[in-house]
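These protein sequence lines map, in sequence, to chains Z and Y.
Going by my numbering, the letters in the first sequence line up with residues 19 to 193, in that order.
Going by my numbering, the letters in the second sequence line up with residues 2 to 182, in that order.
Every residue, glycine too, gets a C-beta built ideally from N, C-alpha and C.
To keep things clear, I will list the structure first and then write my remarks on it.
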Amino acid sequence: MKNNNSKYQSKSGFEVPNTYFEEFEAKMLDFLSEDNDRLSINIKKQGFSTPENYFEKVESEILSKTVDIKDQSKVISLFRKENFLKIAAIAAVFIGIVSIWFTRPEPEVTIDNVEIAEIENYIDTEIIDLNFVEISNLISQDGIVLDNMNTSKVTDDAVLEYLMDNVDDPDLLLK
Amino acid sequence: MNTEESLLVQKLQDPQSRNEAFKELLKLFKERLYWHIRNIVKNHDDADDVLQNTFIKIFRNIDGFKSESQLYSWMYRIATNESLTFLSQKANKLQISSEELQQNLLNNLESDTYFDGDEIKLKLQKAISTLPEKQQLVFNMKYFQELKYREMSEILETSEGALKASYHIAVKKIENYLKSD
Numbered sequence: 019m020k021n022n023n024s025k026y027q028s029k030s031g032f033e034v035p036n037t038y039f040e041e042f043e044a045k046m047l048d049f050l051s052e053d054n055d056r057l058s059i060n061i062k063k064q065g066f067s068t069p070e071n072y073f074e075k076v077e078s079e080i081l082s083k084t085v086d087i088k089d090q091s092k093v094i095s096l097f098r099k100e101n102f103l104k105i106a107a108i109a110a111v112f113i114g115i116v117s118i119w120f121t122r123p124e125p126e127v128t129i130d131n132v133e134i135a136e137i138e139n140y141i142d143t144e145i146i147d148l149n150f151v152e153i154s155n156l157i158s159q160d161g162i163v164l165d166n167m168n169t170s171k172v173t174d175d176a177v178l179e180y181l182m183d184n185v186d187d188p189d190l191l192l193k
Numbered sequence: 002m003n004t005e006e007s008l009l010v011q012k013l014q015d016p017q018s019r020n021e022a023f024k025e026l027l028k029l030f031k032e033r034l035y036w037h038i039r040n041i042v043k044n045h046d047d048a049d050d051v052l053q054n055t056f057i058k059i060f061r062n063i064d065g066f067k068s069e070s071q072l073y074s075w076m077y078r079i080a081t082n083e084s085l086t087f088l089s090q091k092a093n094k095l096q097i098s099s100e101e102l103q104q105n106l107l108n109n110l111e112s113d114t115y116f117d118g119d120e121i122k123l124k125l126q127k128a129i130s131t132l133p134e135k136q137q138l139v140f141n142m143k144y145f146q147e148l149k150y151r152e153m154s155e156i157l158e159t160s161e162g163a164l165k166a167s168y169h170i171a172v173k174k175i176e177n178y179l180k181s182d
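See the structure below:
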């Protein structure tokens, strides 16, 4: 048996030529390069071509975007133009919203703007605490307070007829 | 995965040897991936963009590569996905359908500096562009790149039987197109 210095000694009796593994590597690279050539020939048959020395150029371009970029420590400036524009845009929107909100004119509140139902609800829920005298003082019809109305022209029969027609609970009339 | 390939993967996943191994990988596969991409996107400048993006993605994601699949099929898969995504983004940007985009690519091919304006070659490209996307891929990989069905099956994640059927149908359609024209 041939004595060689390989650390993987074959116990099965199989041997390889002396320079097999060195040659294998070269053969493999040749094969891959032939494979590339074969591919290029096929591609030429298709009609496609590339600019001169494209593959050398693209290799260094890809390396500059991968391997080489990793070697440099990345420093990101806080005051980059894109960041500045983003912050400026957000600030402008914020200022716009705030200025519209605070400069909006408050709607004028008058008694004419308030719904009657709102006033009734306000009184019914006893948010405003009025006694009967105060309420009767406030009762008005077409803006004229009833207390101030001249009722001398209204006959008793007319009043009785009105009450009979409009009051549902006759007990109230007895009181 | 063979020994050389698994050794290369080990080197690529080891931060100490990654850069050197990546240079080797780039040397070995740049041309093959370029032509694979060029067959799909047709135009040289587009192929250049997609090739660079493909290698950047390979470099960034090599740690996530599982040795259950072959390295070359993983890289071809990335290149295929990048190319198809590129085309669909281009169609969206131009607001046209993928069929209209194929027609655009062919029209541009006639005036492309990096395309030999031979009538037969152009006719073949026109015939290929009439095929559905998957059949185009299968036809290009088999006919021009001479990949084996086993390799194509790993790249496209489709059974060998389905690929054979797909190639057969693609060839028939191309023959009919060329005869009828």
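Separation of residue j from residue i, as counted between CA atoms
{"i": "residue 89 (chain Y)", "j": "residue 99 (chain Y)", "result": "7 Å"}
{"i": "residue 101 (chain Z)", "j": "residue 76 (chain Y)", "result": "35 Å"}
{"i": "residue 141 (chain Y)", "j": "residue 40 (chain Y)", "result": "7 Å"}
{"i": "residue 20 (chain Y)", "j": "residue 47 (chain Y)", "result": "26 Å"}
{"i": "residue 184 (chain Y)", "j": "residue 86 (chain Z)", "result": "Missing from the structure shown is residue 184 (chain Y); chain Y here goes from 2 to 182 and no further."}
{"i": "residue 108 (chain Z)", "j": "residue 115 (chain Y)", "result": "47 Å"}
{"i": "residue 103 (chain Y)", "j": "residue 37 (chain Z)", "result": "52 Å"}
{"i": "residue 67 (chain Z)", "j": "residue 160 (chain Y)", "result": "32 Å"}
{"i": "residue 181 (chain Y)", "j": "residue 172 (chain Y)", "result": "14 Å"}
{"i": "residue 22 (chain Y)", "j": "residue 9 (chain Y)", "result": "6 Å"}
{"i": "residue 74 (chain Y)", "j": "residue 16 (chain Y)", "result": "23 Å"}
{"i": "residue 101 (chain Y)", "j": "residue 121 (chain Z)", "result": "53 Å"}
{"i": "residue 49 (chain Y)", "j": "residue 36 (chain Y)", "result": "10 Å"}
{"i": "residue 147 (chain Y)", "j": "residue 139 (chain Y)", "result": "10 Å"}
{"i": "residue 105 (chain Z)", "j": "residue 112 (chain Z)", "result": "11 Å"}
{"i": "residue 169 (chain Y)", "j": "residue 69 (chain Z)", "result": "34 Å"}
{"i": "residue 83 (chain Z)", "j": "residue 29 (chain Y)", "result": "18 Å"}
{"i": "residue 173 (chain Z)", "j": "residue 179 (chain Z)", "result": "10 Å"}
{"i": "residue 117 (chain Y)", "j": "residue 66 (chain Y)", "result": "38 Å"}
{"i": "residue 179 (chain Y)", "j": "residue 24 (chain Y)", "result": "43 Å"}
{"i": "residue 97 (chain Y)", "j": "residue 126 (chain Y)", "result": "20 Å"}
{"i": "residue 116 (chain Z)", "j": "residue 126 (chain Z)", "result": "21 Å"}
{"i": "residue 11 (chain Y)", "j": "residue 60 (chain Y)", "result": "13 Å"}
{"i": "residue 71 (chain Z)", "j": "residue 114 (chain Z)", "result": "55 Å"}
{"i": "residue 184 (chain Z)", "j": "residue 152 (chain Z)", "result": "23 Å"}
{"i": "residue 208 (chain Z)", "j": "residue 128 (chain Z)", "result": "Because chain Z here runs from 19 to 193, residue 208 (chain Z) falls outside it and cannot be looked at."}
Contact list for residue i against chain Z, beta-carbon separation under 8 Å
{"i": "residue 73 (chain Y)", "result": "Result: empty, since nearest Cβ-Cβ is about 11 Å, beyond 8 Å."}
{"i": "residue 115 (chain Y)", "result": "66, 67, 68, 69"}
{"i": "residue 27 (chain Y)", "result": "77, 80, 81"}
Where residue i falls, given that 16 or more other Cβ within 10 Å makes a residue buried
{"i": "residue 103 (chain Z)", "result": "exposed"}
{"i": "residue 177 (chain Z)", "result": "exposed"}
{"i": "residue 7 (chain Y)", "result": "exposed"}
{"i": "residue 22 (chain Z)", "result": "Annotation note: pLDDT 48 at residue 22 (chain Z) (below 50); position unreliable, no value reported."}
{"i": "residue 19 (chain Z)", "result": "Confidence is the limiting factor: at residue 19 (chain Z) the pLDDT is only 45, short of 50, which leaves the residue's position unreliable, though a coordinate-based value still follows. Label assigned to residue 19 (chain Z): exposed."}
{"i": "residue 84 (chain Y)", "result": "buried"}
{"i": "residue 132 (chain Z)", "result": "exposed"}
{"i": "residue 63 (chain Y)", "result": "buried"}
{"i": "residue 171 (chain Z)", "result": "exposed"}
{"i": "residue 177 (chain Y)", "result": "exposed"}
{"i": "residue 162 (chain Y)", "result": "exposed"}
{"i": "residue 129 (chain Y)", "result": "buried"}
{"i": "residue 3 (chain Y)", "result": "exposed"}
{"i": "residue 143 (chain Z)", "result": "exposed"}
{"i": "residue 54 (chain Y)", "result": "buried"}
{"i": "residue 75 (chain Z)", "result": "exposed"}
{"i": "residue 158 (chain Y)", "result": "exposed"}
Proximal residues of chain Z, C-beta to C-beta of residue i below 9 Å
{"i": "residue 45 (chain Y)", "result": "66, 67, 68, 69, 72"}
Inter-residue CB distance, residue i and residue j (contact presumed, cutoff 8 Å)
{"i": "residue 111 (chain Y)", "j": "residue 123 (chain Y)", "result": "7 Å"}
{"i": "residue 34 (chain Y)", "j": "residue 52 (chain Y)", "result": "6 Å"}
{"i": "residue 165 (chain Y)", "j": "residue 150 (chain Y)", "result": "6 Å"}
{"i": "residue 56 (chain Y)", "j": "residue 80 (chain Z)", "result": "5 Å"}
{"i": "residue 43 (chain Y)", "j": "residue 106 (chain Y)", "result": "5 Å"}
{"i": "residue 77 (chain Z)", "j": "residue 26 (chain Y)", "result": "Rounded, the Cβ-Cβ distance is 11 Å, inconsistent with contact."}
Partner residues on chain Y for residue i, Cβ-Cβ distance less than 7 Å
{"i": "residue 84 (chain Z)", "result": "23, 56, 57, 60"}
Own chain residues within Cβ distance below 7 Å of residue i, not counting five before or after
{"i": "residue 28 (chain Z)", "result": "Residue placement at residue 28 (chain Z) is flagged as unreliable, the pLDDT there being 49, under the threshold of 50; a coordinate-derived value is accordingly withheld."}
{"i": "residue 155 (chain Y)", "result": "70, 71, 74"}
Listed by chain order, chain Y residues near residue i by CB distance under 9 Å
{"i": "residue 136 (chain Z)", "result": "Chain Y residues near residue 136 (chain Z): none, gap ~54 Å exceeds 9 Å."}
Other residues of its chain near residue i: CB distance less than 6 Å, five sequence neighbours each side excluded
{"i": "residue 136 (chain Y)", "result": "167, 171"}
{"i": "residue 58 (chain Y)", "result": "79"}
{"i": "residue 133 (chain Y)", "result": "none"}
{"i": "residue 175 (chain Z)", "result": "none"}
{"i": "residue 92 (chain Y)", "result": "99, 102"}
Within chain Y, the residues that residue i reaches when beta carbons sit closer than 8 Å
{"i": "residue 76 (chain Z)", "result": "31, 35, 49, 52, 53"}
Neighbouring residues, chain Z, relative to residue i (Cβ below 7 Å)
{"i": "residue 119 (chain Y)", "result": "65"}
{"i": "residue 39 (chain Y)", "result": "66"}
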